[in-house]
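Below is one structure, written out as structure tokens; comments come after it.
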Amino acid sequence: MSREAQKLDSAAGDGAVGIGVLSLDLLGQVLDRLREPRDRKACRLVSRAFERAEAAHRRALRVLRREPLPRLLRAFPALERLDVSACASLDDASLAAAVAGAGGGLAGLRSVCLARANGVGWRGLEALVAACPRLEAVDLSHCVSAGDRELAAVAAAAGLRELRLDKCLAVTDMGLAKVAVGCPRLEKLSLKWCREISDIGIDLLAKKCPELRSLNISYLKVGNGSLRSISSLERLEELAMVCCSCIDDEGLELLSKGSDSLQSVDVSRCDHVTSEGLASLIDGRNFVQKLYAADCLHEIGQRFLSKLATLKETLTMLKLDGLEVSDSLLQAIGESCNKLVEIGLSKCSGVTDDGISSLVAQCSDLRTIDLTCCNLITNNALDSIADNCKMLECLRLESCSLINEKGLKRIATCCPNLKEIDLTDCGVDDAALEHLAKCSELRILKLGLCSSISDKGIAFISSNCGKLVELDLYRCNSITDDGLAALVNGCKRIKLLNLCYCNKITDTGLGHLGSLEELTNLELRCLVRITGIGISSVAIGCKSLIELDLKRCYSVDDAGLWALARYALNLRQLTISYCQVTGLGLCHLLSSLRCLQDIKMVHLSWVSIEGFEMALRAACGRLKKLKMLCGLKTVLSPELLQMLQCHHPHGLS
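Spelled out as structure tokens, the structure:
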């Protein structure tokens, strides 16, 4: 519990009457100042006044299980944002019942997230939309079974302004037409991976939704005709068309004839787009701020560079990943775009120290620099970055093996705002971490494949980087239990931790991790010395755990699964392939974890066919993704296979 929550707890305990005389509005403002959910919960538990205040004041709710949904919707009538994406077994009947049970309590609801809710169909959506007259945003992304009928239900929300349909594989032009006609005020739409949508659907969308400001058509099979239609959208500010292989320079020329409102364009992985097409697109557009052209350009022509210079006062982000560059090109980019805040040069061949020096000398506002796999750069490039980019926040240097602690010392000394650095496969050692420990604002640190790092280096980081939330130690096999003890002593806010192949770690080390209350993602692949005892420590202490990878942890047995089943109630993704678990442990696990959506369980040699059968029957209504040996499909009962296929037709492998 935080210090603020402890004070409120004491006040409520010593004089609950005093708390009770405060207005609900004032108590609601107090709750808003508590950042941690567990602190707000503590206040509710010790004071009914706080409980009433939250009921009246709460605007956002994220539900982890289907069962309490009706009660929660009744308890919080002022909700504006509802997220049920973690409710693994949510279906039409349960959603409709919860909505009906709320009475008129959903009248103020504006945003609903149903991402990955594959069990929800048109009936549930109809009930939801009917109960929410002020609905403005709906997220159905990764609802792979959602199709035209579901979109027809959503289209009844006439005031809808934002709709996400990423990977709704069954949606066609017909469903899109329903939305376009029913929701003319739509401002933001994502159709990523909706592969059945064609130029016809995009054309109708452009005609019926003139207020569109953001549109994502990435991975669609649409062509230049769609860009002709999109060019009529006078308010469009963001357009993403990643990997649209049927779009070429002619299409960009058509798009350029439209409004000059575009501020962000993403043509990454569009194989037939060249720098000439991009030059046509940005010609005369003085408001473009973000330009993404990763893995699509083979070379940059002089015309593109000259047009880029016209964006000198506006362009802040430029991604050119995979391009063959030269020192002169980087110098020209620096001179043309000296307001850049982010530059992406990942996997660009020809990036040298001189080129980087020329670039950053002109772009002192850079906050994010991606040099992933630019393996020619040395400490000289880091020196130039440190000298010129004092506001640097993110530096990605994966596979830049010619840098060492000397260059990183300059970065740490000159860039006090550094929040993220990726040193994967750079071969850095403890001396480098001693310098990076000066960066007290550091949030993300990636050290995968840096085998020279030891417990000493982790202790350096722990001593001053208390804001760290993500640490990647993949294959840092010199790390031991002592290193983890040092880590948790100073970095208590870690949410994501990768310890895969750190094979010196034992149950003692996992015992230390049990004190990380905010840990959500933990990767322990191939830690051959850990057992169910260590997993129990993690399960008991890390109550926020959402994803856990135990693949090839050969000594993890049923004891670990029983602990997870009892304590890791928020777990949504689990890998237990090659673990020594039995059918009894597996069945208990899958029947107990109500939030579990994704499980990988390959080569569980101690589990019988009957064990798999019982376990899968216990959980198949909730699982959205399942990975097991293909051979099991030939021995499991046809009835079970049909149930599995019904619940996750695109996730069974």
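The sequence shown begins at 10 in this note's numbering and counts up one residue at a time.
Built from N, CA and C at the ideal position, the CB exists for glycine as well.
Everything numeric in this text was worked out from a predicted model, so none of it was measured.
Same chain, Cβ closer than 6 Å to residue i, five either side skipped, listed in chain order
i, result
"residue 659", "With a pLDDT of only 46 at residue 659, under 50, the local geometry of the prediction cannot be trusted, and the value read off the model is given with reservation. So the qualifying residues of the chain are 153."
"residue 479", "453, 505"
"residue 103", "75"
"residue 291", "297, 316"
"residue 115", "140, 141"
"residue 363", "336"
"residue 443", "469"
"residue 518", "490, 493"
"residue 266", "240"
Same chain only: Cβ atoms within 7 Å of residue i, ignoring 5 sequence neighbours per side
i, result
"residue 583", "557, 605, 608"
"residue 400", "374, 376, 426"
"residue 250", "226, 227, 256, 275, 276, 279"
"residue 209", "182"
"residue 130", "101, 159"
"residue 23", "Bear in mind that a pLDDT of 44 at residue 23, under 50, signals an unreliable position, so the number given afterwards is only what the model happens to contain. Closer than 7 Å at Cβ, skipping near neighbours: no residue."
"residue 511", "482, 485, 486, 488, 536"
Under 8 Å between C-beta atoms of residue i and residue j
i, j, result
"residue 329", "residue 357", "yes"
"residue 196", "residue 171", "yes"
"residue 646", "residue 622", "yes"
"residue 465", "residue 439", "yes"
"residue 448", "residue 485", "no"
"residue 65", "residue 87", "yes"
"residue 119", "residue 89", "yes"
"residue 420", "residue 378", "no"
"residue 493", "residue 451", "no"
"residue 204", "residue 229", "yes"
"residue 310", "residue 285", "yes"
"residue 213", "residue 189", "yes"
"residue 553", "residue 529", "yes"
"residue 327", "residue 349", "yes"
"residue 633", "residue 97", "yes"
"residue 589", "residue 615", "yes"
"residue 341", "residue 312", "no"
"residue 566", "residue 543", "no"
Exposure of residue i, with buried meaning 16 or more beta-carbon neighbours within 10 Å
i, result
"residue 244", "exposed"
"residue 180", "buried"
"residue 35", "exposed"
"residue 167", "exposed"
"residue 643", "exposed"
"residue 651", "exposed"
"residue 428", "buried"
"residue 475", "exposed"
"residue 80", "exposed"
"residue 283", "buried"
"residue 537", "exposed"
"residue 233", "buried"
"residue 21", "Because residue 21 sits at a pLDDT of 48, beneath the cut-off of 50, its placement in the model cannot be relied upon, and the following sentence gives the value as read from the coordinates. Its Cβ being crowded by 16 or more others within 10 Å, residue 21 is buried."
"residue 612", "exposed"
"residue 262", "buried"
Residue i, DSSP secondary structure in three states
i, result
"residue 330", "coil"
"residue 582", "strand"
"residue 594", "helix"
"residue 305", "coil"
"residue 393", "helix"
"residue 412", "coil"
"residue 420", "helix"
"residue 122", "strand"
"residue 52", "helix"
"residue 188", "helix"
"residue 345", "helix"
"residue 577", "coil"
"residue 514", "coil"
"residue 217", "helix"
"residue 57", "helix"
"residue 404", "strand"
"residue 275", "strand"
"residue 455", "strand"
"residue 225", "strand"
"residue 471", "helix"
"residue 199", "strand"
Close Cβ partners of residue i (< 8 Å) along its chain, the five nearest in sequence each way excluded
i, result
"residue 664", "Any question about residue 664 goes unanswered here, given that the chain covers just 10 to 662."
"residue 410", "384, 434, 435, 436"
"residue 550", "522, 523, 524, 525, 526"
Are the region 103-120 and the region 631-646 touching by the rule of at least three beta carbon pairs closer than 8 Å? no
Is it true that the region 294-305 meets the region 262-274, where meeting means three or more beta-carbon pairs spaced less than 8 Å apart? Output reads yes: the region 262-274 touches the region 294-305.
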